[in-house]
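Quick note: our numbering has the sequence shown finishing at residue 541, numbered continuously throughout. Here's the structure we're looking at; comments come further down.
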Amino acid sequence: MPPTFAQLGVPRSIDDALARRGITEPFEIQAATIAHALAGRDVCGRAPTGSGKTLAFGIPLVATVERADARRPHGLVLAPTRELADQIHTELRTFAGDVRVAVVYGGVGYGPQLKALRRGVDILVACPGRLEDLIDQGAVQLHAVDHVVLDEADRMADMGFMPVVRRLLDQTAPDRQTVLFSATLDGDVAKLTRDYQTDPVYHEVGEATPDITAASHVFWSSHKAERVGLTAAAVDAAWPALVFCRTRHGSDRLAKQLSRHGIEVAAIHGGRSQSQRTRALKQFADGRVHALVATDVAARGIHVDGVASVIHYDPPEDHKTYIHRSGRTARAGDGGVVLSLVQPDQVGDARRLQRRVGLDEPFGEPDAGALRALSPAPVRTLSVPAPAGEGSVRSGGDAGRRSDRAGGRGSGKRNNGKRNNGKRNDEDRSNGDRSNGDRSNGDRSNGQGRNGKRAGGNASSQPERKSRPAPKNGHAAPSARRSGGPKAGRSRRGEPAGGRGGGGARPNRKARRAHLQPGAER
Numbered sequence: 020m021p022p023t024f025a026q027l028g029v030p031r032s033i034d035d036a037l038a039r040r041g042i043t044e045p046f047e048i049q050a051a052t053i054a055h056a057l058a059g060r061d062v063c064g065r066a067p068t069g070s071g072k073t074l075a076f077g078i079p080l081v082a083t084v085e086r087a088d089a090r091r092p093h094g095l096v097l098a099p100t101r102e103l104a105d106q107i108h109t110e111l112r113t114f115a116g117d118v119r120v121a122v123v124y125g126g127v128g129y130g131p132q133l134k135a136l137r138r139g140v141d142i143l144v145a146c147p148g149r150l151e152d153l154i155d156q157g158a159v160q161l162h163a164v165d166h167v168v169l170d171e172a173d174r175m176a177d178m179g180f181m182p183v184v185r186r187l188l189d190q191t192a193p194d195r196q197t198v199l200f201s202a203t204l205d206g207d208v209a210k211l212t213r214d215y216q217t218d219p220v221y222h223e224v225g226e227a228t229p230d231i232t233a234a235s236h237v238f239w240s241s242h243k244a245e246r247v248g249l250t251a252a253a254v255d256a257a258w259p260a261l262v263f264c265r266t267r268h269g270s271d272r273l274a275k276q277l278s279r280h281g282i283e284v285a286a287i288h289g290g291r292s293q294s295q296r297t298r299a300l301k302q303f304a305d306g307r308v309h310a311l312v313a314t315d316v317a318a319r320g321i322h323v324d325g326v327a328s329v330i331h332y333d334p335p336e337d338h339k340t341y342i343h344r345s346g347r348t349a350r351a352g353d354g355g356v357v358l359s360l361v362q363p364d365q366v367g368d369a370r371r372l373q374r375r376v377g378l379d380e381p382f383g384e385p386d387a388g389a390l391r392a393l394s395p396a397p398v399r400t401l402s403v404p405a406p407a408g409e410g411s412v413r414s415g416g417d418a419g420r421r422s423d424r425a426g427g428r429g430s431g432k433r434n435n436g437k438r439n440n441g442k443r444n445d446e447d448r449s450n451g452d453r454s455n456g457d458r459s460n461g462d463r464s465n466g467q468g469r470n471g472k473r474a475g476g477n478a479s480s481q482p483e484r485k486s487r488p489a490p491k492n493g494h495a496a497p498s499a500r501r502s503g504g505p506k507a508g509r510s511r512r513g514e515p516a517g518g519r520g521g522g523g524a525r526p527n528r529k530a531r532r533a534h535l536q537p538g539a540e541r
């Protein structure tokens with residue numbers, strides 16, 4: 020039987036705060052590390068995403084940190100991304116009591132961050148780029164920092180932050196306590212441990228390579244023109260869903276296309292403002308959208324429990340990316356579905372990827388009914404009409420038949436004048452996400468995070484998802500009302516209305532409402 024938080028030495032005030040949130044039993048990584056961290060030992064922990072690392076380092080940090088002077092924090096938590104830093108800050112605040120916790124990261128204004136530092140911060144959660152910028156401005160000093168936490172150190176290495184991290188650590192107190200958590204402990208992380216930790220206690224939880232076998236992996240044979248409809252059918256079958264695209268432009272385009280299929284969707288990528296990214300993640304975490312469309316860089320570290328499915332709309336760059344994407348579902352003992360849409364010219368690459376990750380799944384015909392049967396999420400039906408001008412999708416099952424070929428490839432929106440209009444190379448890794456936003460965009464931290472929100476602590480702390488309320492007064496949901504197709508009389512490139520893309524005139528409001536059933540779910 021695992022020990023209780025009290026038996027691990029957790030102060031009563033923190034134990035009570037956790038109990039009020041329904042967190043009464045520590046996760047494995049928490050049980051292994053909390054006592055050592057409370058005793059002041061350096062800790063080096065390897066644990067997969069979703070294992071409860073935030074509480075593992077947060078509880079000892081809150082319990083032992085001293086009151087700090089203005090601009091001179093005593094505790095420092097470094098995280099690779101804005102979203103992860105924000106999530107850690109939020110989690111610590113739930114049990115911090117009188118301990119002052121603040122967060123700094125790029126992509127937002129300096130005002131509130133500078134004000135918090137002037138008032139005094141005991142624990143500062145920070146992204147490396149913005150923190151170094153604030154140090155250069157004289158807004159904060161690290162000489163008094165005697166408790167350091169490096170969270171997701173491997174991600175910081177992947178994103179090129181190690182030189183900045185080393186410069187920051189060199190400014191902290193030489194006798195500090197250093198706690199490091201990472202999914203892997205090799206390469207740059209191993210060097211960091213050797214150089215900046217003193218006789219650390221090692222704890223490893225879970226497999227060294229993330230276990231993706233807890234999810235059901237499905238590969239659908241598909242053609243390019245079908246992918247949007249198939250994705251809509253898959254989301255219908257198993258949501259909330261995280262859908263991966265390779266580029267910013269592709270993410271925005273897919274989000275708009277899915278909305279025309281009646282899917283409530285949000286998008287997150289490096290081209291979005293911080294407020295937009297935060298709002299999208301909150302909508303997804305709260306279950307207020309069916310799908311979150313994300314790029315690989317922006318989705319690093321998205322930690323949201325209860326993701327029913329991951330959909331590879333665009334194929335992953337390599338097997339590591341497949342593992343990282345797929346690890347967003349089937350977390351904390353839950354099940355999940357991972358769907359890959361494989362076009363005929365991608366079969367060979369997909370087969371090689373399967374061999375690298377230890378899968379041997381057949382490439383089958385799309386079947387949303389079978390997908391729904393594999394999903395651990397309760398059955399939720401999207402009662403929305405098929406978009407005008409969208410033809411049948413080989414989805415089968417409960418998702419129904421949508422028509423995705425009538426307008427199909429010639430709907431007037433395939434390229435929209437943007438394919439060769441400076442957008443062709445709009446990939447996250449090469450168009451600002453990885454370098455021009457993360458490290459060198461002005462203040463070095465403008466756009467530093469591409470990740471999402473992590474469900475810190477126990478899964479039990481997550482609110483139960485609520486089913487979507489029915490529309491009132493018999494009115495259609497906004498997403499359903501938007502699905503009427505292009506407006507009459509509007510043309511693209513001189514085409515007549517209803518021309519190239521089909522779809523014809525947009526039905527008037529009364530006509531659109533006529534075929535919607537009152538009480539339909541959004």
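Just so you know, even glycine gets a beta-carbon here, dropped at the ideal spot from N, CA and C. This structure is a prediction, so every number in the text was calculated from the model and none was measured.
| query | Straight-line CA distance for Thr266 to Phe238? | reply | 22 Å
| task | Would you list the one or two residues that DSSP bridges to Phe238? | result | Ser359 and Phe382
| field | Segments of 4+ residues assigned as alpha helix (DSSP H) that fall wholly inside the segment 98-130 | value | 101-112
| query | My guess is that Val164 and Ala192 are in contact by the Cβ rule of under 8 Å, so how many angstroms apart are they, rounded? | reply | About 6 Å separates the beta carbons of Val164 and Ala192, which is inside the 8 Å limit, making them a contact pair.
| message | Applying the 10 Å Cβ sphere with the 16-neighbour rule, what's the burial state of Ser294? | response | Classification of Ser294: exposed, given that the 10 Å Cβ count is below 16.
| query | Could you give the distance in angstroms between the alpha-carbon of Thr23 and the alpha-carbon of Pro45? | reply | 7 Å
| Alpha-carbon to alpha-carbon, Pro385 and Gly427 | With a pLDDT of only 36 at Gly427, under 50, the local geometry of the prediction cannot be trusted, and no value is derived from it.
| Under 8 Å, do Arg149 and Val123 count as touching if we go by C-beta distance? | yes
| task | Would you check if there are 3 or more beta carbon pairs closer than 8 Å linking the segment 197-212 to the segment 54-65? | result | yes
| request: Could you pull the start and end residues of the alpha helix (DSSP H) that Val81 belongs to? | output: Lys72 to Thr83
| Could you give the residue range of the alpha helix (DSSP H) that holds Gly64? | In this chain, Gly64 is not harboured by any alpha helix (DSSP H); it is covered by the beta strand (DSSP E) spanning Val62 to Arg65.
| Of the residues Leu103, Ile231 and Thr83, which one's Cα is nearest the Cα of Arg375? | From the listed residues Leu103, Ile231 and Thr83, the smallest Cα separation to Arg375 is found for Ile231.
| query | To the nearest angstrom, how far is it from the Cα of Arg272 to the Cα of Asp141? | reply | 43 Å
| query | Where Val262 and His280 are concerned, what is the direct C-alpha to C-alpha distance, given to the nearest angstrom? | reply | Using only the alpha carbons, I get a separation of about 15 Å.
| said: At 3 residues or longer, what runs of the beta strand (DSSP E) sit wholly inside the segment 289-373? | reply: 310-314, 328-331 and 356-361
| query | To which residues of the same chain is Asp35 closer than 7 Å at the C-beta, ignoring the five residues directly before and after it? | reply | none
| message | Among Val29, His343 and Leu161, whose alpha-carbon lies nearest the alpha-carbon of Arg186? | response | Leu161
| task | In angstroms with no decimal places, state the Cα-to-Cα distance between Asn492 and Val308. | result | For Asn492, the pLDDT reaches just 42, beneath the cut-off of 50, and the residue's location in the model is therefore unreliable, although a value from the coordinates is still provided. Whole-angstrom Cα-Cα distance: 22 Å.
| field | 6 Å Cβ shell around Leu111 - same chain, five flanking residues per side excluded | value | Gly77 and Val120
| query | With DSSP run on the structure shown, which of helix, strand or coil describes Thr197? | reply | strand
| field | N-terminal and C-terminal residue of the beta strand (DSSP E) that His166 is part of | value | Element bounds for His166: His166 to Leu169.
| query | Taking the continuous alpha helix (DSSP H) assigned at Glu223, which residues delimit it? | reply | No alpha helix (DSSP H) contains Glu223, which is instead part of the beta strand (DSSP E) from Val220 to Glu223.
| request: To the nearest angstrom, report how far apart Val29 and Pro79 are at their CA atoms. | output: Note on geometry: alpha-carbon atoms of Val29 and Pro79 lie some 8 Å from one another.
| message | I want to know whether the segment 324-344 touches the segment 352-361 - three or more CB-CB distances under 8 Å. | response | yes
| Buried or exposed: His242, going by 16 or more other Cβ atoms within 10 Å of its Cβ? | When all chains shown are included, His242 counts as exposed.
| So is Met175 buried or exposed if we call it buried at 16+ other beta carbons inside 10 Å? | buried
| task | Look at Val544 and Ala115 and say whether their C-beta atoms are less than 8 Å apart. | result | An answer regarding residue 544 cannot be provided, because it is not within the stretch 20 to 541 covered by the chain.
| query | Where DSSP assigns a beta bridge to Arg91, which residues make up the other side? | reply | DSSP, once it has assigned bridges, lists Asp88 as partnering Arg91.
| Contact set for Val127: own chain, Cβ-Cβ below 6 Å, skip 5 residues either direction | Gln293
| Helix, strand or coil: how does DSSP classify Val262 here? | Assigned with DSSP and collapsed to three states, Val262 falls in strand.
| request: Have a look at Arg101 and Leu143 and give me their C-alpha separation to the nearest angstrom. | output: Distance between the alpha carbons of Arg101 and Leu143 is about 13 Å.
| said: Suppose you measure from the CA of Ala257 to the CA of Arg344; what does that come to, to the nearest Å? | reply: 16 Å
| message | Once DSSP output is grouped into helix, strand and coil, what is the label at Val254? | response | Helix.
| query | Alpha carbon to alpha carbon, what distance is there between Gln49 and Tyr341? | reply | Here the alpha carbon of Tyr341 sits roughly 28 Å from the alpha carbon of Gln49.
| message | From the DSSP secondary-structure annotation, give me the bridge partner or partners of Ile287. | response | Ala313
| task | In the DSSP assignment, find the unbroken alpha helix (DSSP H) run with Ala392 in it and report its ends. | result | Ala387 to Leu393
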